[in-house]
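Numbered by our numbering, the letters in the sequence shown go through residues 33 to 252 in order. Each remark here refers to the structure printed beneath this line.
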Amino acid sequence: GQDTAEDKDGKPSGKIVHLTFDDGPGEHTQHLLDILNRYGVKATFFVTHAFPMYEDRIGEEAAAGHSIGIHTYSHDFAKIYADDKAFWKDIEKMQEIVVKETGQRTNLMRFAGGSSNTDSAAYTQGIMTLLTKQAEKKGWHYFDWNVSSGDGGNDSTSESVITRITSQIQDHDESVVLCHDTKENTVNAMEYLIPWLLDNGYTLLPLTPDSETAPHAVLN
Ligand code: ZN
């Protein structure tokens with residue numbers, strides 16, 4: 033099982049990897065769920081309203097034991113970072129979908145762009161400082177990442193995703209890996225990456241409210 037993954041010498045590496053998938057669910061999410069299920073691995077999904085016809089996958093994710101967090105309903109920086117009221121309205125709209133699909137609220141979240149993104153300043157100066165404070169007061173546990181698969185743009189390949197993740201996770205005892213289940217190449221990379229991680233003694237765990245928050249690493 034995932035809690036007793038051992039390396040070739042029979043010793044656990046002691047390193048923990050949290051695979052996290054943003055921006056879905058979408059057309060590739062079912063393939064990802066099948067891969068995760070095949071290896072008995074649990075991940076974390078930061079969900080959006082980008083592809084409404086796939087929203088029932090949120091229920092499947094939860095039923096399979098993966099963690100569900102809210103990413104954003106619209107992912108539209110101009111809207112959500114216009115002011116704090118607009119931001120929390122967007123989050124609550126996504127929360128309603130999560131409740132509809134899973135039967136319960138979540139208190140996990142990942143800010144669009146990460147908690148210290150600078151793009152939001154184009155709409156409201158200092159809004160991330162305000163929103164992160166409000167999030168803590170409201171009881172949200174928000175997560176950034178310390179490893180990026182580099183799949184945020186359109187030029188990543190399955191090979192580049194695998195190379196970036198396997199090289200960066202060496203530097204951390206606990207990695208929070210940013211991926212997007214909306215990217216076909218990323219999902220295909222998991223076919224190779226997940227068995228590799230297990231064979232090399234990594235322990236794959238979903239994020240929970242008790243997980244340590246990884247510092248925000250710059251994307252790409
Ligand atoms: Zn996103």
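Idealized CB from N, CA, C, for every residue including glycine. On a predicted model such as this, the values are computed, not experimentally measured, just so you know.
Check whether valine 79 and valine 130 have beta carbons under 9 Å apart
Going by C-beta atoms, valine 79 is nearer than 9 Å to valine 130.
Taking the C-alpha atoms as reference points, what is the distance between aspartate 183 and phenylalanine 77?
C-alpha separation (whole angstroms): 15 Å.
C-alpha gap between lysine 170 and glycine 158, whole angstroms:
Cα to Cα, the separation comes out at about 19 Å.
Report the CB separation of alanine 82 from phenylalanine 53 in whole angstroms; it is logged as a contact under 8 Å.
Contact check for alanine 82 and phenylalanine 53: beta-carbon distance about 13 Å, past the 8 Å limit, so the pair fails to qualify.
Per DSSP, isoleucine 100 is paired with what?
BP columns for isoleucine 100 point to Phe77.
Given serine 192 as reference, the closest of Ser181, Gln202, Ile201 once Cα atoms are compared:
Checking every option, the nearest Cα to that of serine 192 belongs to Ser181.
Can you check whether the CB of proline 57 is closer than 9 Å to the CB of phenylalanine 187?
The amino acid at residue 187 is misidentified as phenylalanine; the sequence shows aspartate. Cβ distance not < 9 Å, so aspartate 187 and proline 57 don't count as in contact.
Just checking alanine 110 against the ligand NAD - is the residue's beta carbon closer than 8 Å to any of the ligand's heavy atoms?
Judged by which ligands are present, the ligand NAD is missing from the structure shown, whose ligands are the ligand ZN.
Among His107, Leu210, Thr189, Gly135, whose alpha-carbon lies nearest the alpha-carbon of aspartate 176?
For the residues His107, Leu210, Thr189, Gly135, the minimum Cα distance to aspartate 176 belongs to Leu210.
What runs of the alpha helix (DSSP H), each 4 residues or longer, lie entirely inside the segment 140-216?
159-169, 190-200, all fully within the segment 140-216.
To the nearest angstrom, how far is the alpha carbon of serine 190 from that of isoleucine 67?
Each residue's alpha carbon lies about 15 Å from the other.
Reduced DSSP category for aspartate 115 - H, G, I as helix; E, B as strand; rest coil:
Here aspartate 115 sits in coil by DSSP.
Here's the rule: buried if 16 or more other CB atoms are within 10 angstroms of the residue's CB, otherwise exposed. What is lysine 165?
Exposed: under 16 other Cβ atoms inside 10 Å.
Rounded to a whole number of angstroms, what is the C-alpha to C-alpha distance between leucine 236 and leucine 230?
Roughly 8 Å between the two C-alpha positions.
Taking the alpha-carbon of alanine 167 as reference, which of Lys117, Phe109, Asn232, Lys47 has the nearest alpha-carbon?
Comparing Cα-Cα distances from alanine 167 to each of Lys117, Phe109, Asn232, Lys47, the minimum goes to Lys117.
Indicate the three-state DSSP secondary structure (helix, strand or coil) for aspartate 54 in the structure shown.
In the structure shown, aspartate 54 sits in a strand (DSSP, three-state: E or B).
Beta bridge counterpart(s) of isoleucine 48 as assigned by DSSP:
As a beta-bridge residue in DSSP terms, isoleucine 48 pairs with Glu206, Thr235.
Taking the beta carbon of serine 199 as the centre, do at least 16 other beta carbons fall within 10 Å, making it buried, or is it exposed?
Residue environment: serine 199 is assigned as exposed (fewer than 16 neighbouring CB atoms within 10 Å of its CB, all protein chains considered).
Among Asn139, Leu225, Asp55, Asn178, whose alpha-carbon lies nearest the alpha-carbon of histidine 204?
Shortest Cα-Cα distance from histidine 204 to any of Asn139, Leu225, Asp55, Asn178 involves Asn178.
Skipping 5 residues on each side, what residues in its chain have a beta carbon closer than 7 Å to that of glutamate 92?
Cβ within range, chain order: Leu65.
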